[in-house]
Amino acid sequence: MKVVVLSGGVGGARFVQGLVDVVEPSDVSVVGNVGDNVEVLGLHVSPDLDSILYALAGLNDETRGWGRADESWRALETVGELGGETWFQLGDLDLGLHLVRTQALRSGEPLSGVTQRLAGELGIETRVLPATDDRLRTWIRTPASEFPFQEWFVARGHRDEVDAVRFEGEADATPAPGVLEALAEADLLLVAPSNPYVSIWPILAVSAIREALAARRVPAVALSPLIGGRAVRGPADRMLARLAGGTSPSHVAGTYRGLIDVLVVDEADSDDLEGLGDVRPIVTRTLMADPEARRRLAEAALGAVPV
Ligand code: GDP
Ligand code: CA
């Protein structure tokens, strides 16, 4: 069975780890968000793609939730001592990847090409595809001002309420090589338990990807990132409350209108399944606390496919 999963960073990467435990890793293609990409200290950083790469390579830091295990921060300390910008945390090990990628991009290699090469070097059999090789950037409109995604998320600690999200470059963005092919070949389409607005919408902002999902001939299953109406971490619950008017499963499903057939929701939300329309709920435990829990969640999503 071939599976495509649309994914943000941490929540998506955790889910993908479970998925490759129950599906042949080489039969999984991950389409990752690039709206968070940022240039820091002259380096091109793709945080969500990196979370996926590190998780699939087993290099990720489980407790921090992002970046690499056994990380150290000496380079960034030096940057600070020298008066450089330190608002975006780049660890010593992590920096190595950013150096290789930045050089490749500067020499003209597309992001999809260098991502595939990095995955290969890390021994990853799963295909990791950026949604697009084109420049696509998420902007967050708040009562204070409109901010580039990372300025709002990291520098301002995503404290400002969100009035709207916008994806710079979406009109011209085309899917990266392999994305439409993977979608066409898939037996199952998955949307990871990621933030709908700032992790999945930037992928769907690539109109050809959204159209491929809308025209699907196979089931599409989304996993809710909320448990009991609350985000496990991050601003997804506050964004849903303000932008969709609530945090129930129907509000989550509403962010993917016309694009999904099934929503996997947590047991803690099972008394609130009204308004889902033709989206079928699957109720299970969705906290990905350990490898076994991740695997069970992936199995629940796969259970949506008739065999
Ligand atoms: P980011 O790009 O690093 O912010 O990561 P994602 O958008 O992929 O994931 C963030 C979302 O993952 C948040 O809304 C969390 O609520 C959700 N999340 C994290 N861990 C879990 C979990 O164990 N279960 C579920 N259901 N959602 C989770
Ligand atoms: Ca992200």
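Under the working numbering, the first residue of the sequence shown carries the number 4, and numbering increases by one thereafter. A virtual CB, placed ideally from N, CA and C, is assigned to each residue, including glycine.
Counting along the chain, Trp-204 sits inside the alpha helix (DSSP H) bounded by residues 204 to 207. In the three-state reduction of the DSSP assignment, Trp-69 falls in the coil class, being assigned neither a helical nor a strand state. Rounded to the nearest angstrom, the Cβ distance from Gly-12 to Asp-51 is 4 Å, consistent with a contact under 8 Å. In this structure, Pro-238 has its beta carbon at no less than 7 Å from each heavy atom of ligand 2. Only buried fits Arg-130, as 16 or more other CB atoms lie within 10 angstroms of its CB. Below 8 Å, enough C-beta pairs join the stretch 113 to 129 and the stretch 21 to 30 to call them touching: three or more. Checking the DSSP bridge columns, you'll see Arg-283 partnered with Val-265.
Closest by C-alpha distance to Arg-233, out of Val-221, Ser-251, Arg-220 and Ala-247, is Ser-251.
Annotated as distal: Gly-14 and Pro-294, with beta-carbon spacing of 8 Å or more. When the beta-carbon positions are compared, Ala-211 and Leu-183 come within less than 8 Å of each other. Taking 8 Å as the cut-off, the Cβ atoms of Arg-17 and Arg-297 count as close. Contact annotation: Thr-135 and Tyr-200 have beta-carbon atoms that are not nearer than 8 Å. Cα atoms of Val-286 and Ala-307: separation of roughly 11 Å, rounded to the nearest angstrom. Selection around ligand 2 by beta-carbon proximity, strictly under 6 Å to any non-hydrogen atom, yields Gly-11, Gly-12, Asn-36, Asp-39, Pro-50, Asp-51 and Ser-202 in chain order.
In this chain, the alpha helix (DSSP H) harbouring Pro-252 covers 252 to 257. The beta carbon of Ala-58 sits closer than 6 Å to the beta carbons of Ala-16 and Gln-20 from its chain, once the five residues preceding and following it are set aside; these are given in chain order.
Less than 8 Å divides the Cβ of Phe-152 from the Cβ of Asp-39.
Going by DSSP, Ser-32 is part of the beta strand (DSSP E) stretching over 31 to 35. Fully contained in the stretch 207 to 248 are the following alpha helix (DSSP H) runs of length 4 or more, in chain order: 210 to 217 and 239 to 246. The beta carbon of Asp-64 sits closer than 7 Å to the beta carbons of Gly-70, Arg-71, Ala-72 and Glu-74 from its chain, once the five residues preceding and following it are set aside; these are given in chain order.
Annotation for Thr-105: the continuous alpha helix (DSSP H) segment containing it runs 95 to 109.
Listed in chain order, the non-local C-beta contacts of Trp-76 below 7 Å within the same chain comprise Gly-94 and Asp-95, local neighbours out to five positions each way being set aside.
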